[in-house]
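Below is one structure, written out as structure tokens, with a few remarks after it.
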Amino acid sequence: MLLGRPRLCGRCSPGRCALFFFLALLLDAVGLVLLLVGIFATLDYWDFLVYTGALILAFSLLFWVFWYSLNIKVPLEKLDL
């Protein structure tokens, strides 16, 4: 199987790097809220909220890449050490 063995128990875990996972989720939520408030609220500073929300969402992609990269499990036999 490409993604590893299937889990038999019903629990779901964020992996070995839970800090990056929860930080990425937090930044996604904050960025989405700022973006949507900037779009739908009638405020004078809507452009600041839209740009800030978009930047926070783009910055959260960095934490998603860290989380994914640090959770890759490679057997020692496949490493050429």
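Using this note's numbering, the first residue of the sequence shown is number 64, and each one after it goes up by one. Cβ atoms here follow ideal geometry from the backbone N, Cα and C, with glycine treated the same way.
Grab the span of the alpha helix (DSSP H) containing residue i for me, first residue to last.
i	result
Thr115	Trp109 to Leu133
Ala87	Ala81 to Phe103
For residue i, name the three-state secondary structure that DSSP assigns.
i	result
Met64	Because Met64 sits at a pLDDT of 46, beneath the cut-off of 50, its placement in the model cannot be relied upon, and the point is left open.
Leu139	helix
Taking all protein chains shown into account, do 16 or more other C-beta atoms lie within 10 angstroms of the C-beta of residue i, making it buried, or fewer, making it exposed?
i	result
Gly94	buried
Met64	Confidence at Met64 is low in this model, with a pLDDT of 46, below 50, so its placement is unreliable and the value that follows should be read with caution. It is exposed - the Cβ of Met64 has fewer than 16 other Cβ atoms within 10 Å.
Gly78	exposed
Ser123	buried
Phe103	exposed
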